[in-house]
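Participant: Numbering (my numbering), first residue to last: 4 to 985.
Positions of the beta carbon are idealized from the N, C-alpha and C atoms, including for glycine.
Please find one structure pasted underneath; my questions will follow.
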């Protein structure tokens, strides 16, 4: 397996070229290879695929391109792990000998480790041999063109270093042609000119050496308005005077030479100029109470380390307002300053101010710091940038660019020199910078936040009220700016207990007003970011704040704004670090969150919007939630008596491709949206949308039933029930009461279940809801059955069935026909039970309801077993289990396995009974069903006892008893009260 970037893109596996389908796959592969063995962020891949104007579907198209690339690589024999999905992006995993760029970087690293010139030169020659032409020469695109330029500059730097070493080794004849080519490709390269002049002079070509100097002098004067630097002027003078020391060469065994071939002793007088200026030391004062950020500091240090193989010339620290970017970068720059002996240049780009700094003015400021003054500073931006880069060629300098706004503001300020590095702070992603590594800075950790707060306020004062300190930090959301403001207030008010500040900021409506001291203000910091945003992004942020403190999927912005390109607006907010991309969920959906204080600012902004406009936006989002809940529920195993006729709430669809992706894995979607399901109900209640509230709550009941999420189920139903009862919504109240009744049955709270179900029944009769009436009566029958009132249970099932038949509801009729079979079987009326089971089976098959067919078969198996036909019972159970497993209905699969275990136990077949019962017990345990789990362990214990394994029997029975003790039923030894769906 072999890949190449250093020339035309090259991909070969097992001796044959990998087919790449179109420019998108080509760009994806190139972007991954450039940062091989590192995570390539999704934002970077989008920037590579589209230089500008990325579509709303950009993330999905990148995912598709990577999927296609994986298929093509796999078809050629690449391992499945070659490209892995990482948080926020992808990573390609390659060994050094599998990618020419890695071999090139390794060669340079080996060179740095050697001290002998011959070995250093050999290592560099091996590295340069990896090149087949200009990097990425055949791939279009601005983003990759910047990377190609960076790689080509790395090649030139390695070539310069190699030629300098070889020149000092006396190989002046061999290097002349290569140096001439290098100078032709880099006409401002004074170091290449210097080496070429020395090589020509040592070959007794003094005239040609002087011509090289004159050509370069004219080029610099005509195009940049400057003269050659002092070392080159000194060399020119030494050639004119035929300095005999200039002809000397370094023996091959001598120590490694200095980077410049010019000896330190020179007869020419020193010439003042930039090369002799004092080092620049412009870093701001360090923050004295800086805390934490250990990982970020270590990452920055590794990226700035010139000897490290993963060094990056440009590091961008990105984060939201008040997160501490400038403090971190200043601290990191001071820690790294020893590695940049020629100085540290600091420029404040003021992107968030009223007047962002022009890059041309910034270049003039930088040139003045480098001792270029007056008319020597060129007028044009390009000329200033070229001179700036030329001055830094032979220097090791760290450039700090604070508060950058966009790539165009930064690009002219990037030095091209290998020894230089750049540290940038920005509230915006700068993905178009060549070779840039982004570090996403979040708020402080809990421990770091407390350390900062304690360091300012004082350990003794915090120790007196630790709970109040924690509450203050919660209100600050661990945001450094907010913590500094809160701490500053307390420092200026030493008589205040911490409780006073906590009481003043715990009210969210007052919090931003309180988090202000002097010139520091959280609100003002956020407003600086908002000023840079287009109006639609500000409106989106304000509406997002209304959705509450949840982690949200990206699609919500579309319906909030009522426009199809909502995710493009969301990207603007993410790039501005006002909305944080927190994770990509199991379905591949990116999820976003607002920091609590930014959300508070957003809610303040939304206060100025018309109430009707806000309500319409909320309804649009909730309508999509309801549609997705319905789609997901339709693809879950049916929930029996929880089914209800829909209400009149509006529904709004997402594009089929998006909604279909969610519906393909309904349980995964529900799991990812679990918090938002309750949040949506609360939002509907808060905005007076009782119909949406009850439909959202009831719609999720099937999922809650499947996952045994009883707390969520109860919370959502009670929240919505209060709203519908206040609104006089009879139908919504009846559905919610019936759902609560079913939940209370699961919790063995039969009196509460009866009250809720009887109330539901009365409301259904009042509203003429026949399906609801039948379901309520049937659920009451379940209460009667599990409490041992079999006659009453039968009577209620018959009543419910009559209502369903009268209403022509074939779905409920099929369910209740099966329930009649169960009731008749419990009475020992085998023939009548068989008739009902046959009828239910036929009805379920006619409806095409595979799940209902499997439920009937599971129930039918009891009849066959009781008749003495265990083989037929096992056949029914085998069919049912296959269906439940195909539908991923673990709970019904567990009930089926329990029945399988019972049948084998009846045949005294311990080897087959125990595995089935153990599987069932595991599933019941995962779903929190202690009673059924206990029944499994009791049956296993009985089997062990019958086999004479009394020690194991005691263990299993003891486990069952512990479970029954947990649910408060010390004496239970029968099948659990919790019923399966009818």
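Could you give the distance in angstroms between the alpha-carbon of residue 623 and the alpha-carbon of residue 791?
Facilitator: Between residue 623 and residue 791, the C-alpha separation is close to 48 Å.
Participant: What residue from 812, 663, 422 and 895 has the CA that sits closest to residue 164's CA?
Facilitator: When each option's Cα is compared against that of residue 164, the closest is 422.
Participant: So, residue 828 versus residue 866, is the Cβ gap smaller than 8 Å?
Facilitator: Yes. Within cutoff.
Participant: Per the DSSP calculation, residue 87 is bridged to which residue(s)?
Facilitator: DSSP lists 94 as partners of residue 87.
Participant: Name the one or two DSSP bridge partners that residue 593 has.
Facilitator: For residue 593, which the question treats as bridged, DSSP gives the partners 587.
Participant: Counting C-beta neighbours from all protein chains within 10 Å, is the total for residue 772 16 or more, i.e. buried, or is it exposed?
Facilitator: So residue 772 ends up on the buried side.
Participant: In angstroms with no decimal places, state the Cα-to-Cα distance between residue 279 and residue 370.
Facilitator: Unreliable positioning characterises residue 279 in this predicted model, as indicated by a pLDDT of 36, which lies under 50. The coordinate reading is nonetheless provided below. Each residue's alpha carbon lies about 14 Å from the other.
Participant: Three or more beta-carbon pairs under 8 Å between the stretch 898 to 916 and the stretch 937 to 945, yes or no?
Facilitator: At 8 Å Cβ cutoff, the stretches touch.
Participant: I need the straight-line Cα distance from residue 283 to residue 429, nearest angstrom please.
Facilitator: Each residue's alpha carbon lies about 23 Å from the other.
Participant: Go through its chain and collect everything with a Cβ distance to residue 548's Cβ below 7 Å, but skip five positions before and after it.
Facilitator: Closer than 7 Å at Cβ, skipping near neighbours: 597, 602, 605, 606 and 609.
Participant: Using a Cβ distance threshold of 8 Å, determine whether the stretch 700 to 719 contacts the stretch 631 to 650, with at least three qualifying pairs required.
Facilitator: Touching, per the Cβ criterion.
Participant: DSSP state of residue 381, grouped into three classes?
Facilitator: Coil.
Participant: Check whether the stretch 53 to 60 and the stretch 107 to 115 are in contact - that is, three or more C-beta pairs closer than 8 Å.
Facilitator: The answer is no - the stretch 107 to 115 does not touch the stretch 53 to 60, with fewer than three Cβ pairs under 8 Å.
Participant: Alpha carbon to alpha carbon, how far is residue 658 from residue 711? Give it in angstroms, no decimals.
Facilitator: So the two alpha carbons sit approximately 31 Å from each other.
Participant: Where DSSP assigns a beta bridge to residue 349, which residues make up the other side?
Facilitator: Answer by DSSP bridge pairing, in chain order: 403.
Participant: Nearest to residue 963 by CA position, among 147, 920, 720 and 886, is which residue?
Facilitator: Selected option, being the one with the closest Cα: 920.
Participant: Report yes if the CB atom of residue 778 is closer than 8 Å to the CB atom of residue 699, and no otherwise.
Facilitator: No, they are not a contact pair.
Participant: Roughly how many angstroms separate the alpha carbons of residue 510 and residue 503, rounded to a whole number?
Facilitator: Looking at the two C-alpha atoms, the distance is approximately 12 Å.
Participant: Buried or exposed: residue 691, going by 16 or more other Cβ atoms within 10 Å of its Cβ?
Facilitator: Residue 691 should be labelled exposed.
Participant: In or out: residue 734 buried (at least 16 other Cβ within 10 Å) or exposed?
Facilitator: Its Cβ being crowded by 16 or more others within 10 Å, residue 734 is buried.
Participant: I need the DSSP call for residue 120, collapsed to helix, strand or coil.
Facilitator: Residue 120 falls in the helix class under three-state DSSP.
Participant: Go ahead and label residue 264 buried or exposed: buried means 16 or more other beta carbons lie within 10 angstroms of its beta carbon, across all protein chains shown.
Facilitator: In this prediction, residue 264 has a pLDDT of 40, which is less than 50 and means its spatial position is unreliable; nothing more can be read from the coordinates.
Participant: When DSSP builds the beta bridges, which residues end up paired with residue 961?
Facilitator: Answer by DSSP bridge pairing: none, since residue 961 is not bridged.
Participant: According to DSSP, is residue 320 part of a helix, a strand, or is it coil?
Facilitator: Strand.
Participant: Apply the 10 Å Cβ neighbour rule to residue 146 and answer buried if 16 or more other Cβ atoms are within range, or exposed otherwise.
Facilitator: Under this definition residue 146 is a buried residue.
Participant: Between residue 386 and the rest of its own chain, which residues show a CB-CB distance below 6 Å, the 5 nearest in sequence each way excluded?
Facilitator: Same-chain partners within the cutoff: 227.
Participant: Considering Cα atoms alone, identify which of 124, 151 and 413 is closest to residue 166.
Facilitator: Among 124, 151 and 413, the Cα nearest to that of residue 166 belongs to 124.
Participant: Less than 8 Å between CB atoms is the rule here; does residue 633 satisfy it with respect to chain D?
Facilitator: Included in the structure is just one protein chain, with no chain D present.
Participant: If you follow the beta strand (DSSP E) that residue 426 is part of, which residue opens it and which one closes it?
Facilitator: Per DSSP, residue 426 belongs to the beta strand (DSSP E) from 424 to 429.
Participant: Using 10 angstroms around the beta-carbon of residue 150, count the other beta-carbons present and answer buried if the total reaches 16, otherwise exposed.
Facilitator: Flag for residue 150 reads buried.
Participant: Roughly how many angstroms lie between the CA atoms of residue 660 and residue 581, to the nearest whole one?
Facilitator: For residue 660 and residue 581, the distance between alpha carbons rounds to 28 Å.
Participant: Does the beta-carbon distance from residue 62 to residue 45 come in below 8 Å?
Facilitator: In this structure, residue 45 lies closer than 8 Å to residue 62 by Cβ.
Participant: Going by C-alpha distance, which of 348, 434, 649 and 416 is nearest residue 401?
Facilitator: The candidate whose alpha carbon is nearest that of residue 401 is 348.
Participant: Considering residue 13, what are the terminal residues of the beta strand (DSSP E) in which it resides?
Facilitator: Segment 13 to 16, the beta strand (DSSP E) holding residue 13.
Participant: For residue 924, does the count of other Cβ atoms within 10 angstroms reach 16, so buried, or fall short, so exposed?
Facilitator: Residue 924 comes out buried.
Participant: Which runs of the beta strand (DSSP E), 3 residues or longer, sit entirely within the stretch 537 to 592?
Facilitator: The stretch 537 to 592 contains these whole beta strand (DSSP E) runs: 583 to 587.
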